[in-house]
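In the working numbering, the protein residues as written are 100 to 343.
Cβ coordinates follow ideal geometry from the N, Cα and C atoms, glycine included.
Predicted model only: the values in this text are computed from it and were never measured.
The block underneath contains the structure these notes are about, expressed in structure tokens.
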Amino acid sequence: MREQLDMKRIPQHIAIIMDGNGRWASERGRERSYGHQAGVEAVHKITTECKNLGVKFLTLYTFSTENWNRPAEEVSALMGLILTSLEEKIFMKNNVRFRMIGDMERLPEAVQAKIKELEEHTAKNDAMSCVIALSYSSRWEITRAIQKMVACPPKEINEDTVSQYLETNFMPDPDLLIRTGGELRISNYLLWQIAYSELYFCDTYWPDFDEQALHKAIADYQGRQRRFGKTEAQVEEEEVKSDK
Numbered sequence: 100m101r102e103q104l105d106m107k108r109i110p111q112h113i114a115i116i117m118d119g120n121g122r123w124a125s126e127r128g129r130e131r132s133y134g135h136q137a138g139v140e141a142v143h144k145i146t147t148e149c150k151n152l153g154v155k156f157l158t159l160y161t162f163s164t165e166n167w168n169r170p171a172e173e174v175s176a177l178m179g180l181i182l183t184s185l186e187e188k189i190f191m192k193n194n195v196r197f198r199m200i201g202d203m204e205r206l207p208e209a210v211q212a213k214i215k216e217l218e219e220h221t222a223k224n225d226a227m228s229c230v231i232a233l234s235y236s237s238r239w240e241i242t243r244a245i246q247k248m249v250a251c252p253p254k255e256i257n258e259d260t261v262s263q264y265l266e267t268n269f270m271p272d273p274d275l276l277i278r279t280g281g282e283l284r285i286s287n288y289l290l291w292q293i294a295y296s297e298l299y300f301c302d303t304y305w306p307d308f309d310e311q312a313l314h315k316a317i318a319d320y321q322g323r324q325r326r327f328g329k330t331e332a333q334v335e336e337e338e339v340k341s342d343k
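Laid out in structure tokens, this is it:
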């Protein structure tokens, strides 16, 4: 499948909703935590392959603000897993910069310290940025942006202003949003940023989402025509001009 990809049209920013860890574990008669552990291996695989393909930003929905409502035991296990799975060598080996978006203050102090340390140590890596959305939700993000913009004169606020106040102000909007696990919803993820993203849903549970599954998603993306509100004729005319 990789050989069939157009390497000149690789999406520069891929966002993923990593869904299905718990169901993957349940079908194997194991605890949900077992699925989350298996999901970490998928993160390593997909991060490495995205870097190899030339993707510049990979954003992973890791833990939402709504997930704080899960049973305390599961939340504690997830926080512990996040702490142990953030291996610096994975990012340094691939020259990948690590970043986080989300409500840092709600995280345990040990997790906060680990994230800050990893962000600092990988700050000079420039092959790709791997961004984890942790303690994140889009409504929280937009509400926070509005609170920061209160002092701005209303007439000076435009779409660019809003984007500058969002957590994602350091990267472009996603070209492709992938959701695994068979669910067909966005789940409060990057609602502002995905206004013109291509959406791809698959039944594969996240622990089983491998390089081939990624290639399939990108191939599907490359088979679409991104119009951004323009007519098909306008897009085709622009493509002809860009090829000259």
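Return yes when the Cβ of residue j is within less than 8 Å of the Cβ of residue i, no when it is not.
i	j	result
residue 179	residue 266	no
residue 309	residue 144	yes
residue 305	residue 279	yes
residue 320	residue 232	no
residue 318	residue 301	no
residue 194	residue 168	no
residue 270	residue 162	no
residue 181	residue 210	yes
residue 131	residue 119	no
residue 272	residue 241	no
Along the chain, where does the beta strand (DSSP E) containing residue i start, and where does it finish?
i	result
residue 122	Segment 120-125 is the alpha helix (DSSP H) holding residue 122; no beta strand (DSSP E) there.
residue 160	156-163
residue 116	112-116
residue 275	275-278
residue 298	297-300
residue 196	195-200
For residue i, which of helix, strand or coil comes out of DSSP?
i	result
residue 234	strand
residue 250	coil
residue 186	coil
residue 266	coil
residue 241	helix
residue 100	coil
Could you check where the alpha helix (DSSP H) with residue i kicks off and where it finishes?
i	result
residue 285	Looking at the DSSP string, residue 285 is not in any alpha helix (DSSP H), and its letter there is neither H nor E.
residue 131	131-152
residue 320	310-321
residue 217	208-220
Since residue i contacts residue j with CB under 8 Å, what's their CB separation in whole angstroms?
i	j	result
residue 287	residue 236	4 Å
residue 295	residue 277	No, residue 295 and residue 277 are not in contact; Cβ-Cβ is about 16 Å, not under 8 Å.
residue 197	residue 217	5 Å
Would you call residue i buried or exposed, if buried means 16 or more other Cβ atoms sit within 10 Å of its Cβ?
i	result
residue 188	exposed
residue 134	buried
residue 108	exposed
residue 154	buried
residue 260	exposed
residue 283	exposed
residue 414	Past the edges of the chain, shown from 100 to 343, lies residue 414, and the structure says nothing about it.
residue 175	exposed
residue 138	buried
residue 256	exposed
residue 246	exposed
residue 170	exposed
residue 229	buried
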